[in-house]
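Protein chains in written order, with the working numbering: chain W, 1 to 244; chain X, 1001 to 1556.
We put the beta carbon where it would ideally sit given N, CA and C, even for glycine.
Just so we're clear, the structure is a prediction, and the values are computed from it rather than from any experiment.
In what follows, a structure is listed as structure tokens, so that the remarks can point back to it.
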């Protein structure tokens, strides 16, 4: 059994967190939480979405693995009006979606055909930056106009984003007092802008406070939460190494 | 639980085969590999080893061009596309490009070393998904799947994956070796394997049946195209008639060969290359249902296009019509098509291919009523040269190619170019050869590819062997068009020479065939002359070495 009711905008924001990276994903439900873990095709970026029971107005569920075609689900959710509630229910191997007079039966994908995420890497990262999501969003957007990859780092009590294209260079620095928090050592890692652009594009990203955990030529963890911490997002992106 | 082979193991076998030059040793290597496979692997591996993903009869394509491949490879490796293009120009080998790119990958993955290697079956299933992706957004989907495959690959796997995807495997496993290897792996004779293959033209299915000892159960199957029976050339009609005795004489129509399958599910028309021509021939197809008086049949014939005066139109026109996937309605009236049926392979559950031509023909006449666009080809039974000559002149007068002489007691031998069918045409038999390279012209032709290196296929190894260079024949306009087509296929350039992807087949005429140590084939064409592009033929269908040997002996 799976039955849940949630604010449509909130649900859209949650789904969006996964759909910026992959087209299909498994939503695992149990009595307490819905979790979706997915890795993008090149194994270079992954996402974990967690929606707690109390993010929903009504939530009753056993353990299920729902294979979701995220593009289709997003198309349906786009029909929602502000203030709509969306009712979700597992019915005859389909996800019944009811909102504002609309009834939609979404076919579920066979979970065995969706790529499972290999083990989530357990990594400790030496530096942590807490900052407004919208600031990062702006910086990544600017960097994308210059190059195809970007360095993220901490140096002299400042956080920086820098990129170099064929012709131009860009460096964006935030001092400790412009950040919400900054801890740890000097670090620097290089990332493909492809992934960072997708991640920062998600709707909820720009509205909240984001934590970046960075290492030296190591993966980055990007996390944020919303709806009073009831919905959480974590991205991990593998670095690039300097070209040889 | 069965353990499936990894793609890494497959890549290692390919690498060993690539380093080997002896066909016998390669056959053994392939046989040993096939022996170890589970059924689901055996279905796909013969084709993968031959550098193909799907058997021809499926008429199915991956739909991945170089730019998609570069895109995926670039995303998986972190190397940029310009660098990959440069690498291709240097090495001329897409496999090497992928190998180097993955070796020098700058984009790290999250699960390095932790993830299990992909199996051959997993790779194949992903390739199937790539082939299935169509319509809006499908390019991105294809790139994503490829990206996944490459990023999960070691450099060596990437080498063979890229070659597979581009259809340039470069290991010498052709149909001959595959046939022998399947026979050897499962204790049958090559002839037994060959016979089954001609019926279902799928080495995967044939290998499974051979392994299970069910080879004799394979027969002609409705809606599975059968290789067509082919004819040998006979330059001298008198001699041919002497050899044949009383035989069936038919026009050799100037059209496109078609195989028609009629069943309860409907009608399907296949080309020689097993392309599905049902849609392009929709109006004729409708008539087939009316004129064929049985429920199930497989018929062999030739589709001919006519112009307004009732003369057959050149081959190019009919192909244009057959290739059209869209706009069928609008084209229908413009190019009227007529199908002449001359053979019948199967009727209502009974295979006729082992029956003599005489019997097949009378069956054909009994089951087919003539229609507006379909009729049974006229046949003259004679032992007289003068009668055959008259048929020949009539055929030429009507604008067709010549005549066919057919042994009345011969079975239908799929895929075989035997002596039971002879064709007689006015000119010296031309050769269909693969263009493998070209030279830029000089002076006012400097911007045009002006001479072309031609190769035939060694049917045992699948290798392309050069037989000469053609520079005469094409008009200025044709040269322009050839340059347009061929410059897309340039792999590398050295001075004025360009190496080309072997995709295009030329029909070439010549004065004679000579033995020559200068060309890898051992033969050279004297005074070769370009006739036309055979865009109905794939490089695999170009003439092979033994055909050149045969013509050499014949014209000595």
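{"Check": "Hey, could you find the ends of the beta strand (DSSP E) residue 25(W) is sitting in?", "Outcome": "24–29"}
{"Check": "Can you tell me where the beta strand (DSSP E) holding residue 1338(X) begins and where it ends?", "Outcome": "1337–1347"}
{"Check": "Out of 1024(X), 1525(X) and 1134(X), which one is the CA nearest neighbour of residue 1516(X)?", "Outcome": "1525(X)"}
{"Check": "Tell whether a beta-carbon distance below 9 Å holds between residue 1127(X) and residue 1073(X).", "Outcome": "no"}
{"Check": "Using the C-alpha atoms, what's the distance from residue 1425(X) back to residue 1105(X)?", "Outcome": "58 Å"}
{"Check": "Determine, for residue 1076(X), whether the minimum Cβ-Cβ distance to residues of chain W falls below 9 Å.", "Outcome": "yes"}
{"Check": "Are any of the Cβ atoms in chain X nearer than 9 Å to that of residue 207(W)?", "Outcome": "no"}
{"Check": "Identify the contact partners of residue 54(W) in chain X, using a Cβ-Cβ distance below 7 Å as the criterion.", "Outcome": "By Cβ distance, chain X contributes nothing, its closest Cβ being about 31 Å from residue 54(W), past 7 Å."}
{"Check": "Can you list, in chain order, the stretches of the beta strand (DSSP E) that have 3 or more residues and sit fully within the region 1493–1550 of chain X?", "Outcome": "1497–1500, 1505–1509, 1512–1515, 1523–1526 and 1529–1533"}
{"Check": "Please report how far the alpha carbon of residue 1084(X) lies from the alpha carbon of residue 1464(X), in whole angstroms.", "Outcome": "26 Å"}
{"Check": "Is it the case that the region 1208–1216 of chain X contacts the region 1231–1246 of chain X, given that we only count it when at least three CB pairs across the two stretches are under 8 Å?", "Outcome": "no"}
{"Check": "Beta-carbon of residue 250(W) versus every beta-carbon of chain X: anything under 9 Å?", "Outcome": "An answer regarding residue 250(W) cannot be provided, because it is not within the stretch 1 to 244 covered by chain W."}
{"Check": "Using Cβ-Cβ distances below 9 Å, what residues of the region 1145–1176 of chain X are close to chain W?", "Outcome": "1145, 1146, 1147, 1148, 1149, 1150, 1151 and 1152"}
{"Check": "Ignore the nearest five residues each way along the sequence and tell me which others in residue 1350(X)'s own chain have a CB closer than 6 Å to its CB.", "Outcome": "none"}
{"Check": "Return no unless some Cβ of chain W is closer than 9 Å to the Cβ of residue 1106(X).", "Outcome": "yes"}
{"Check": "Between the region 208–220 of chain W and the region 180–200 of chain W, are three or more C-beta pairs nearer than 8 Å?", "Outcome": "yes"}
{"Check": "Using 9 Å as the limit for Cβ to Cβ distance, is residue 1119(X) near chain W?", "Outcome": "no"}
{"Check": "Buried or exposed for residue 1481(X), going by 16 or more other Cβ atoms inside 10 Å?", "Outcome": "exposed"}
{"Check": "Step through the CB atoms of chain W and report whether any lies within less than 9 Å of the CB of residue 1062(X).", "Outcome": "no"}
{"Check": "Taking the Cβ atom as the reference point for each residue, do residue 1551(X) and residue 1513(X) lie within a distance shorter than 9 Å?", "Outcome": "yes"}
{"Check": "Identify the continuous alpha helix (DSSP H) that holds residue 1125(X) and give its terminal residues.", "Outcome": "1120–1132"}
{"Check": "Using a Cβ-Cβ cut-off of 9 Å, state whether residue 1006(X) counts as contacting chain W.", "Outcome": "no"}
{"Check": "Is the number of C-beta pairs between the region 1246–1258 of chain X and the region 1292–1312 of chain X that are closer than 8 Å three or more?", "Outcome": "yes"}
{"Check": "Provide the residue span of the alpha helix (DSSP H) that contains residue 1103(X), from first to last.", "Outcome": "1094–1103"}
{"Check": "Strictly by DSSP, which residues pair up with residue 189(W)?", "Outcome": "152(W)"}
{"Check": "Does the Cβ of residue 133(W) have 16 or more other Cβ atoms within 10 Å, making it buried, or fewer, making it exposed?", "Outcome": "buried"}
{"Check": "Can you name, in chain order, every residue of its own chain whose Cβ lies under 6 Å from the Cβ of residue 53(W), other than the five neighbours on each side?", "Outcome": "32 and 59"}
{"Check": "Could you give the distance in angstroms between the alpha-carbon of residue 996(X) and the alpha-carbon of residue 1221(X)?", "Outcome": "It is not possible to answer for residue 996(X), since the shown part of chain X is limited to 1001 through 1556."}
{"Check": "For residue 1415(X), which option in 1532(X), 1272(X) and 1385(X) has the closest C-alpha, if you only look at C-alpha atoms?", "Outcome": "1272(X)"}
{"Check": "For a quick check, are the C-beta atoms of residue 120(W) and residue 212(W) less than 9 Å apart?", "Outcome": "no"}
{"Check": "Beta-carbon separation of residue 1281(X) and residue 1337(X) under 9 Å?", "Outcome": "yes"}
{"Check": "Please decide whether residue 1141(X) counts as near chain W, where near means a Cβ-Cβ distance under 9 Å.", "Outcome": "yes"}
{"Check": "Does the Cβ-Cβ distance between residue 126(W) and residue 184(W) come in under 9 Å?", "Outcome": "yes"}
{"Check": "If you draw a straight line from the alpha carbon of residue 99(W) to that of residue 81(W), how long is it in whole angstroms?", "Outcome": "9 Å"}
{"Check": "Taking DSSP's pairing of strands, which residues face residue 48(W) in a bridge?", "Outcome": "37(W) and 234(W)"}
{"Check": "Give the secondary structure of residue 58(W) by DSSP, where H, G and I count as helix, E and B as strand, and everything else as coil.", "Outcome": "strand"}
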